[in-house]
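Take 328 as the starting number for the sequence shown in the working numbering and just add one per residue. Note that CB positions come from ideal geometry on N, CA and C, so glycine has one too. These numbers come from a predicted model, not from an experiment.
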Amino acid sequence: MKPSRALLTLLAGLLGLAILLGALSALGVRLPPALQAFWWGLLLALLGAALVDAGRLRQVPTPRIERQLPGNLPLGRWSEVRLTVHHDYPRPLQLQVFDHLPSDMAFEHLPQRVELHPGEQTQFAYRVRPLLRGHFVFPQCEITLPSPLRLWRARRYLDLPQATRVYPDFARLYGAQLMAVDDWLSQLGVRQRPRRGLGLEFHQLREFRDGDTLRQIDWKATARKRMPIAREYQDERDQQIVFLLDCGRRMRSQDGELSHFDHALNASLLLSYVALRQGDAVGLLTFAGEHSRFLPPVKGPAQLNVLLNAVYDLHSTQQPADFAAAADALLSRQRRRALVVLVSNLRDEDDEELLAAVKRLGRQHRVLVASLREEVLDNVRQAPVQDFESALTYCGTVDYLNARANLHERLSAHNVPVLDARPSELGPELVSRYLAWKKAGAL
């Protein structure tokens, strides 16, 4: 409990009056004795009223508050949390409410002043924006009650423990279920390349058409029907994709509000959604983290929820990336041929170790190395050089990018495809590469 602004103002007024009376007495001005008695009467009356008001405030019951918190929140996006205040006050009352949030969440519209009316429930909302993924607890809610005479304010805490999970930014993925995959991909800027050749999975028999090749003719069916019959093929659907996700220190680089690791998660979920809609199976293996996590490839829309629940609390660590150990772990768990998407932030010192690990994986699987490139490097390279300091920065950036390019060229020379993309472009680039390979039957 602490004094309100009204009580402090009254005390300040009495203090100012006391100083004025004292100054007049010091100057020899004769004041009526009743004036001092009046001042003391005001002071005693204020103190008495304050004591009575404080006692009445202690007897004011604490209102009940319910919090409507979503069970999961998307990372970096604003979400609404609603509070409902229940009370039994016979007269209108204004109080201040502040909900205690985890430290890694930004918020708006807190604290709020709420007007309570007799016989009514009061509901209001505020917005939160998670800055980190993981499991978070909202511990309690704080209210500030005014006394009946508005001379005191009491701060009371209501225990309202409630938990929520912060997932990667998957809102666009779920929203995409309402539209066709092709339309959704076109909105993302992903271009599907024309299909070259034929699929590998038989679909149906049909009449021979212009543009069909002689290889498509089914001679037995042609002899039975006494007319040209062609086989029609479609892209293979029963394929597997496994993400080999680097959780080490290189993925801690920041681009905007998200780290490279968060961008990699978003891109992996984006490609997972597309692959699952195409009928393929998707799995995951992490390395260089506190604990390695493995999800075997599974088909079906429910696998996306499994992936989300498996990665929502993953965070990058200070450990170095051990590509050899990651290859051993994957080869021991994934026997069937799959498309392995290795997502990391490559450095020039990775040459020998990475190449050896990728070669071992390539004997059994199709491997795609996705390397994230810091956007600040492109910005520095395009910025004008105006002084010696900026010239040094430019030269260092170009030297670093050349070293990365040399590593990518060495991998490509050993038939290891490399996708070098900025974090914000990684998702569409992965989807575009996946669709191109699937159309060409290269998976």
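Taking one beta carbon from each stretch, the segment 543 to 554 and the segment 419 to 435 have fewer than 3 pairs nearer than 8 angstroms; the two do not touch. Within 10 angstroms of the beta-carbon of Ile346 lie fewer than 16 other beta-carbons, which makes it exposed. In the DSSP annotation of this structure, the continuous segment of the alpha helix (DSSP H) that includes Gly382 starts and ends at Pro360 to Gln386. Asp426 has Cys468 as its beta-bridge partners, per DSSP. The distance from the Cβ of Leu571 to that of Val667 is about 6 angstroms, consistent with a contact at the 8 angstroms cut-off. Taking the Cα of Leu443 as reference, the smallest distance to any Cα among Pro466, Leu459, His414 and Arg454 is reached at His414. The Cβ neighbour count for Leu371, taken over all protein chains shown within 10 Å, is under 16; the residue is labelled exposed. Distance from the CA atom of Gly355 to the CA atom of Leu373, rounded to whole angstroms, is 29 angstroms. Check the Cα spacing between Tyr494 and each of Ile556, Asn399 and Gln661: the tightest is with Asn399.
By the Cβ rule, the segment 594 to 603 does not count as touching the segment 613 to 621, because fewer than three pairs are nearer than 8 angstroms.
The bridge partners DSSP lists for Lys329 are Arg480. Between Arg693 and the set Leu410, Gly461, Leu487 and Tyr761, the nearest pair of CA atoms involves Tyr761. The DSSP-derived three-state label of Leu612 is strand. By the neighbour-count definition (other C-beta atoms within 10 Å, threshold 16), Met328 is an exposed residue.
Three or more beta-carbon pairs drawn from the segment 456 to 467 and the segment 478 to 494 are found closer than 8 angstroms, and the two stretches are therefore classed as touching. Contiguous beta strand (DSSP E) elements confined to the segment 630 to 706 occur at 666 to 671 and 693 to 699, taking only those with 3 or more residues. Bounds of the alpha helix (DSSP H) holding Asp726 are Phe715 to Ala740.
Ser759 and Met554 have their alpha carbons spaced roughly 40 angstroms apart. Here Ala591 is near Leu753, since their CB atoms are less than 8 angstroms apart.
Here Thr411 is exposed. Its C-beta has fewer than 16 other C-beta atoms within 10 Å. In this structure, Tyr453 lies away from Glu469, with their beta-carbon atoms at least 8 angstroms apart. Counted as a single uninterrupted DSSP element, the alpha helix (DSSP H) harbouring Glu756 occupies residues Leu753 to Ala767.
Rounded to the nearest whole angstrom, the C-alpha separation of Asp380 and Leu487 is 29 angstroms. One thing to note: Asp545 has its Cβ within 8 angstroms of the Cβ of Ala557. Ala433 is bridged by DSSP to Arg456. Cβ-Cβ separation between Ala710 and Ile568: approximately 38 angstroms, too far for a contact (criterion under 8 angstroms). Ranked by Cα distance from Ala594, the first of Ser671, Ala648 and Leu337 is Ser671.
Here Phe535 carries a coil assignment [DSSP, helix/strand/coil].
By the C-beta density criterion, Pro624 is buried, having at least 16 other C-beta atoms within 10 angstroms.
Judged by their CB atoms, Ala653 and Phe614 are nearer to each other than the 8 angstroms cut-off. Distances from the alpha-carbon of Asp649 to those of Tyr639, Leu669 and Arg394 put Leu669 closest.
Under the three-state reduction of DSSP output, Val712 falls in the coil class, being neither helix nor strand. By the Cβ-count criterion, Phe588 is buried, with 16 or more other Cβ atoms from all chains shown falling within 10 Å of its own Cβ.
Proximity to His427 across Pro445, Arg394 and Gln450 peaks at Arg394, based on C-alpha coordinates. Counting along the chain, the unbroken alpha helix (DSSP H) around Leu592 starts and ends at His587 to Arg604.
In the same chain as Ser352, and ignoring 5 residues on each side of it, the C-beta atoms closer than 8 angstroms to its own belong to Leu358, in chain order.
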